[in-house]
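So the structure is just underneath, and the comments pick up after that.
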Amino acid sequence: MDPIVIIGTGVAGYTLAREFRKLNTEQALIMITSDSGHNYPKPMLSNALTKGKTADQVAMSDAGKMAETLSASIMTEQTVVKIDRQNRLISLASGEVIKYNKLVLAVGAEPVRLKLEGDAADAALSVNNLNDYTAFRSKLATAKHVAIIGSGLIGCEFANDLGNVGIAVSVIGPSDVPMKPLLPQQVAIELQQALTNIGVKWHLGTTATAINSVNEQYEIQLESGDSVVADLVVSAVGLKANSALAQSADLAVNRGIVTDTYLQTSDPNIYAIGDCAEVSGYHLMYIAPILLAAKALAQTLVGAPTLVNYPAMPVAVKTPSYPLIICPPPIHVDGSWQFEHDKIGSGIKGLFFDKNGVLLGFVLSGDMIGQKQTYTKMLPDLLS
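Counting from 139, one number per residue, gives the positions in the sequence shown under this note's numbering.
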């Protein structure tokens with residue numbers, strides 16, 4: 139039988155491979171990656187400074203070790219350039235052609251690229267993988283002030299991480315408060331104040347328009363007319379699914395590679411999982427959906443078609459200066475927030491109810507985060 143081929147060795151690819159090997163130890167498994175194939179927890183990249191982790195310490199094992207553990211062939215530093223769906227072949231940039239039985243796209247997401255003017259427009263560094271983090275740590279060796287473009291979840295996590303190790307931080311974002319629209323206004327205001335308390339400075343309600351080199355630093359011009367001078371610029375304006383390979387193979391693509399609840403794409407022999415996949419309309423770029431999807435897809439790949447189920451999946455935001463757990467309500471649902479402040483400690487509990495009084499989302503901060511399980515159990519499944 140031809141091999142199962144997984145393109146991508148990030149969290150999605152390796153998690154699926156582990157789950158598959160629990161069920162089938164015999165069928166050939168090939169994994170292909172354009173990088174070194176190191177296994178590492180990607181979410182740690184935004185708080186590795188606080189934990190004192192270098193890139194080598196973030197990586198848990200190399201491709202050789204993973205190949206041994208998974209009884210797989212792992213091809214590193216290889217780029218897939220073509221998928222021949224009719225003949226079930228993939229072509230590599232090296233010229234090698236591989237035949238597959240089933241193909242899984244676990245190709246992740248890439249940073250949204252800013253359209254900036256200036257002679258240093260390309261200086262903004264995105265930290266989306268281990269190589270990025272290595273470059274980031276290297277540049278931090280001489281940086282005293284970092285400007286972060288993007289005031290969303292990742293921008294705030296990096297701001298907290300940098301602030302914890304004594305680096306001055308300026309955050310630039312288009313909204314009036316950080317993490318909008320994920321957070322209700324009053325919770326966002328408290329998050330902003332908590333990060334201000336560790337030295338973070340804010341430039342909100344504006345966007346970066348240009349980056350120029352000035353005396354071995356970078357000057358970021360803002361739409362407001364102000365400017366920020368920093369030693370290093372980090373772009374954290376969001377991610378988009380890596381869908382170019384799927385598009386070139388004429389697979390259905392929307393925000394991500396479109397799949398049904400079996401993780402099957404518009405080709406019955408090709409599946410998608412992780413940050414690149416839009417599963418039955420849900421494009422969820424965090425860890426919990428990957429773990430659930432991997433278990434279901436592994437069953438499907440061994441001949442037991444299994445639907446993926448998405449229960450409510452709250453996200454713990456890595457901002458220790460202001461502990462925060464969010465489970466946002468569905469977009470465009472009529473309803474309202476109800477808030478309660480902790481009477482003894484600190485923090486806010488926000489519950490979102492629809493017009494029929496059904497709980498559809500929550501946010502917990504400070505000392506309220508201990509109530510996570512209570513409210514998670516009360517929420518309906520996202521996908522079942």
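All residues carry an ideal CB built from backbone N, CA and C; glycine is no exception.
Just so you know, these numbers come straight off a predicted model, no measurement behind them.
Item, Value
"For the candidate residues Ile221, Leu291 and Leu243, whose alpha-carbon lies nearest to that of Lys456?", "Leu291"
"Starting from the Cα of Gly304, find the closest Cα among Thr188, Asp413, Ala244 and Val367 and give me that residue.", "Thr188"
"Let me confirm a value: Asn380 is counted as buried when at least 16 other C-beta atoms fall within 10 Å, else exposed. Which label applies?", "buried"
"Which residues bound the alpha helix (DSSP H) around Gly293?", "Leu291 to Asn302"
"For Asp519, which residues in the same chain have their Cβ closer than 6 Å to its Cβ, ignoring the five residues on either side in sequence?", "Pro449"
"Just the Cα atoms here: how many angstroms apart are Met451 and Thr444?", "20 Å"
"Give me the DSSP bridge partner(s) of Val367.", "Glu357"
"State yes or no: is the C-beta of Lys510 within less than 8 Å of the C-beta of Leu502?", "yes"
"On the three-pair Cβ rule with 8 Å, is the region 231 to 247 touching the region 404 to 412?", "yes"
"Alpha carbon to alpha carbon, what distance is there between Leu227 and Asp492?", "49 Å"
"How many Å lie between Ala166 and Ala231 at the Cα?", "22 Å"
"Would Thr153 and Ala432 be called neighbours here (beta carbons separated by less than 8 Å)?", "yes"
"Exposed or buried, what is Ser386 when buried is set at 16 or more other beta-carbons lying within 10 Å of its beta-carbon?", "exposed"
"Can you have a look at Asn392 and say buried or exposed, based on whether 16 or more other CB atoms are within 10 angstroms of its CB?", "exposed"
"Between the Cα of Leu321 and those of Phe477, Lys277, Gln402 and His421, spot the shortest distance and give me the residue it belongs to.", "Phe477"
"Could you round the C-beta distance between Val372 and Ile310 to whole angstroms and report it? I think they count as a contact, below 8 Å.", "About 10 Å; that fails the 8 Å criterion."
"Gly175 to Val284, Cα distance in whole Å?", "29 Å"
"List in chain order: all unbroken alpha helix (DSSP H) runs of 4+ residues lying wholly within the region 496 to 522.", "510 to 514"
"What residue range is occupied by the uninterrupted beta strand (DSSP E) comprising Glu478?", "Gly473 to His479"
"Looking only at its chain, what residues have a beta carbon closer than 7 Å to the beta carbon of Ser264, apart from the 5 residues adjacent to it on each side?", "Pro249, Asp270 and Ser373"
"Determine the extent of the beta strand (DSSP E) in which Lys487 is found, giving its start and end residues.", "Ile486 to Asp492"
"Tell me whether the region 330 to 342 and the region 457 to 472 touch, counting them as touching only if at least three CB pairs, one residue from each stretch, are closer than 8 Å.", "yes"
"Contact defined as beta carbons within less than 8 Å: I believe Gly485 pairs with Asp505. What is the distance between those atoms, to the nearest angstrom?", "5 Å"
"Contact defined as beta carbons within less than 8 Å: I believe Leu415 pairs with Thr399. What is the distance between those atoms, to the nearest angstrom?", "In the sequence as presented, Leu is not what sits at residue 415; that position holds Ala. In fact, because the Cβ distance is near 11 Å, the residues do not count as touching under 8 Å."
"Considering only C-alpha positions, which residue in the set Ala368, Ile395 and Leu377 is nearest to Ile349?", "Ala368"
"Quick check: what's the CA-CA separation for Thr345 versus Ala306?", "20 Å"
"Tell me Asp222's beta-bridge partners as DSSP assigns them.", "Leu227"
"So within the region 380 to 436, which uninterrupted alpha helix (DSSP H) runs reach at least 4 residues, ignoring any that extend past its ends?", "382 to 386"
"From the DSSP output, in three-state form, read off Asn162 for me.", "coil"
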